[in-house]
Amino acid sequence: MSMRTVIGLGLAISLSLGAYGQSTVSIPAAADTTLFQDTAGELGNGVGAHFFAGDTVRGLGARRGLIRFDIASAVPSGATITQAVLRLNCSRNNSTVDVVTLHRVLSSWGEGISDAGTPGGAGAPAEIGDATWLHRSYPTVLWGTIGGDFDPAVSASASLADGLAAVGPVVWASTPTSVANVQSWLDSPALNFGWLLLGSNISGATAHRFDTRENPTPTVRPALTITYTLPAPGACCRGSTCAVVLAGACTGPGTRFVGDGIACDAPAIFTDPCCKADHDQDGMVALADVFTFLNAWFASSTLTDIDSSGNVELADIFTFLNAWFAGC
Ligand SMILES: [Ca+2]
Ligand SMILES: [Ca+2]
Ligand SMILES: [Ca+2]
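Counted the way this note's numbering counts, the sequence shown spans residues 468 to 795.
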């Protein structure tokens, strides 16, 4: 095997492993629908094969998409979200360059059994439980604001090219705001109402048609790709002892968390991540450490079981003093 092959293998392995404890998952939408601008709030498209954002060319008014993903069933609780990328398939488009933005929805909404079919841009009579221009859930529960309750702040945006050029996959790249949205939906699933898709509504001819989770072709359905990291247990220095715990469990005076994934079990004290002579874990080896160690040892503190024998005995004092004189 040549050196170049060895280096190449090394690179391939490090890329596939990625950052420590990092995982990526791609999940399907849990719900998607369209708010069709309609003063009576009688239009829906809960189970249609498409949903829409932008203004129709025929002057029928605005369309706003709604989409929600069940984050908490796909990502372990306690995870830290680092990336969130939305991918939709645009299956029909108007001839205007446009930007479609995502906005966090502030109230729950429903998906009834209305089906506007194909092309679907005019909507269908709303059914019970549908989100409409006026309703979160037709026919009884209204939005606080007509056209949907959503945060005006942009979570992410995607530019769509002219007409046919925009047909195909459209990606909303990850942003700090979209990551924060997904993190909040993981941490508080009851407040996960998803995103609203807003077109720029330029000149009344900017409607974009995207494929829904009900589309008969699986490959065109919406997908949210989430990258996250999980906390890993690591060395926790407690006095002159070390234990592997989660960072959140490494608390209290004379305690220091060394880092995720760092082991305690180095056989030689001098390569241990915890400087055992630094009994008060203040980052310095000083005379104070001798006194605090001896006080703790006479009090039979388990934090002085420096040789991890399970007992506090004379050997711990010698081990401590050896480390102290060695500087660590
Ligand atoms: Ca749907
Ligand atoms: Ca110290
Ligand atoms: Ca001991």
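All C-beta atoms, glycine included, are put in the ideal place defined by N, C-alpha and C.
- Within the same chain, Gly-706, Ser-707, Asp-756, Thr-759 and Phe-760 come within 6 Å of His-746 by CB-CB distance, once the 5 residues on both sides are set aside.
- Ligand 3 has a heavy atom closer than 8 Å to the beta-carbon of Ala-782.
- Closer than 8 Å to some heavy atom of ligand 1: that describes the Cβ of Arg-680.
- With a threshold of 8 Å, the Cβ atom of Ser-768 does not count as near ligand 3, since no heavy atom of the ligand is closer than that.
- Scanning the region 579-658 from its first residue to its last, the whole beta strand (DSSP E) runs of 3-plus residues come out as 602-604, 623-627 and 635-639.
- CA-CA distance, Gly-590 to Ala-583, rounds to 5 Å.
- In this structure Ser-626 is exposed. Its beta-carbon is surrounded by fewer than 16 other beta-carbon atoms within 10 angstroms.
- Inclusion of Gly-596 and Gly-577 in the CB contact set at 9 Å is warranted, their separation being smaller than that value.
- Shortest Cα-Cα distance from Gly-588 to any of Leu-573, His-602 and Gly-528 involves Gly-528.
- A Cβ-Cβ separation of about 23 Å leaves Phe-660 out of contact with Asn-556 under the 8 Å criterion.
- The C-beta separation of Leu-553 from Phe-617 comes to about 15 Å, leaving the pair out of contact by the 8 Å criterion.
- The Cβ atoms of Arg-535 and Val-566 lie no closer than 9 Å to each other.
- DSSP, reduced to helix, strand and coil, places Asn-560 within a strand of the structure shown.
- The beta carbon of Ser-558 is closer than 6 Å to those of Arg-676 and Asp-678 in its chain, skipping five residues each way along the sequence.
- Burial state of Ser-645 is buried, judged by a 10 Å Cβ sphere holding 16 or more other Cβ atoms.
- For Thr-696, no alpha helix (DSSP H) run applies; the uninterrupted beta strand (DSSP E) run containing it begins and ends at 690-696, by DSSP.
- Remark: the shortest separation between the CB of Asp-499 and any heavy atom of ligand 1 falls under 8 Å.
- Our two residues, Asp-629 and Val-564, have alpha carbons roughly 5 Å apart in a direct line.
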